[in-house]
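Residue numbers are given in full-length UniProt numbering: position 261 of the sequence shown equals residue 261, and the series is strictly consecutive. Note that CB positions come from ideal geometry on N, CA and C, so glycine has one too. It should be emphasised that the depicted structure is a prediction, and the values quoted were computed from it without experimental measurement. A short worksheet on the structure shown next.
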Amino acid sequence: MTIGCPECGALEDIPPLGPRMLARCRTCHYPLERRSGRSITASLACAITTFVLLFPANLAPLMTVHMLGADRSSVLASGIVSIWRDGWLALALLLGAFGIVLPFVRFGLLMIVLGLVGFGVRFRHIGTLFRWSIALDIWAMPDVYLAGCLVGYARVTQNLTGTIGAGGYCFILAALMSMLTRASLDRRTVWRAIVPDQQAPHGHGALSCPVCDLVVPISHEGRPCPRCGLKLRARKPDAVVRAAALTLAALVLTVPANFYPMTMSRQLGHYDSHRIIDGVYQLFHVGLWPFGILIIGTSIVIPLAKLGGMVWFITSVLRHSRRHLRAKAHLYRWIDELGRWSNVDVFTIAAFVPLIHFDGVAVARPDTGATAFALVVFFTMLASRSFDPRMMWDVHRRRKP
């Protein structure tokens with residue numbers, strides 16, 4: 001059966017694959033279908049486990065620190081509530097959505113869809129539910145939040161005694177199971193179970209859905225996709241304009257994100273502020289160099305690569321460039337997949353801020369740079385999602401006789 005490559009738009013006929021086989025697009029080398037390690041049953045079990053573990057992970061104590069005979073405990077939402085009370089509403093809303101609300105929605109929807117598919121139950125909007133669960137994949141971030149918690153816990157326990165609570169262990173398991181869910185999910189088999197793939201129409205133009213890759217006649221443009229319900233378009237409308245505007249907004253915010261403090265702390269009457277680079281230096285100074293390298297990668301390298309990559313993609317489309325198309329396709333895939341990990345630094349703040357709250361002795365709060373940095377990550381993720389990578393390959397098809 002024929003499917004449309006979501007990265008370059010080429011139509012590909014994929015034969016039945018064996019359990020360890022991989023099908024790549026012949027034009028851009030995008031992995032169209034991977035069978036190794038993929039299973040609906042395994043991904044359903046992982047999704048159910050993740051969804052169940054999220055409840056104790058959010059309700060039970062996450063971490064506790066001890067200082068001068070006093071204890072300070074936190075739950076997963078403590079830092080977000082503290083950030084909200086300090087007046088950083090945009091930062092609190094973003095962290096609350098990514099770290100708490102959307103994981104429940106994402107894995108709840110996925111659990112329902114996989115359960116219905118596994119039992120052979122179909123109804124009209126099951127494709128729409130699966131489409132939403134796929135769309136929320138990059139925005140639900142328990143794995144990124146876990147990385148932030150680990151860095152925050154390591155920073156706090158350099159000077160204080162700390163313990164991980166029951167909620168912390170549940171959250172570790174939930175985050176690990178969320179990654180296993182992503183790794184084991186066989187999207188192609190689920191889509192085919194909802195509506196089978198179709199042969200490309202002969203003698204007429206064809207249109208492919210960028211979400212479920214279903215191929216339909218060009219006359220279906222403007223109608224909902226028969227499989228996932230997305231409104232079908234040959235290309236995303238105003239993709240270059242929207243991606244350019246979001247990239248420009250992120251580029252402007254990069255200045256305060258890097259030069260303004262991320263956090264402000266007070267210890268025994270002494271105030272101290274920390275930028276991104278200051279936090280990296282502190283991690284290296286106390287011997288936590290693996291976490292320092294992690295923050296360099298997620299907070300400096302990835303954001304700059306995303307901005308540079310998006311500028312390259314947009315310029316390529318505007319100039320009708322035919323050069324390095326496969327390299328740009330690989331970079332776009334990397335940017336779209338890894339961009340979410342830039343939130344490690346702001347999740348680190350959410351992890352340790354509620355623990356450093358001993359009145360008169362030590363207090364930590366977020367500062368201007370944290371909100372600016374969270375918005376940089378948010379806008380670059382929106383930019384990559386708004387852009388249509390198939391537009392870079394349109395010039396490749398136009399030059400063919």
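- In the three-state scheme derived from DSSP, where H, G and I count as helix and E and B as strand, R242 is classed as helix.
- Between T161 and V301, the gap from beta carbon to beta carbon reaches 8 Å or more.
- The Cβ-Cβ distance between L44 and R34 does not fall below 8 Å.
- Shown here for M1: same chain residues with a beta carbon closer than 6 Å to its own, the five before and five after excluded, namely D197 in chain order.
- M264 and A234 have their alpha carbons spaced roughly 49 Å apart.
- Here F123 is exposed: its Cβ has fewer than 16 other Cβ atoms, across all protein chains shown, within 10 Å.
- Pairing D345 with I295, the inter-Cα distance amounts to about 7 Å.
- Y169 carries a helical assignment under DSSP once its states are collapsed to helix, strand and coil.
- M310 and F373 do not touch by the CB rule: their CB atoms are close to 17 Å apart, not below 8 Å.
- Excluding the 5 residues flanking it on each side, G292 has same chain C-beta neighbours closer than 6 Å at V280, L283, F284, in chain order.
- DSSP places T2 in the uninterrupted beta strand (DSSP E) bounded by 2-4.
- With respect to the C-alpha of L232, the residue from I218, L110, L54 having the closest C-alpha is I218.
- Per DSSP, the continuous beta strand (DSSP E) segment holding R72 begins and ends at 70-74.
- L136 sits close to V105, with the two beta carbons spaced by under 8 Å.
- Burial check for Y271: the Cβ neighbour count within 10 Å stays below 16, so the residue is exposed.
- Under DSSP, the beta-bridge partners assigned to D272 are S265.
- Apart from sequence neighbours up to five positions away, the residues of its chain that approach L185 with a beta-carbon distance below 6 Å are S43, ordered along the chain.
- Counting C-beta pairs with one atom in each stretch, the stretch 208-217 and the stretch 78-96 have fewer than three that are closer than 8 Å, which means they do not touch.
- Beyond the five residues adjoining it in sequence on each side, V151 comes within less than 6 Å, by CB distance, of F291, T348 in the same chain, given in chain order.
- Beta-bridge partners assigned by DSSP to E337: none are found.
- C-alpha of Q199 to C-alpha of V215: approximately 7 Å in a straight line.
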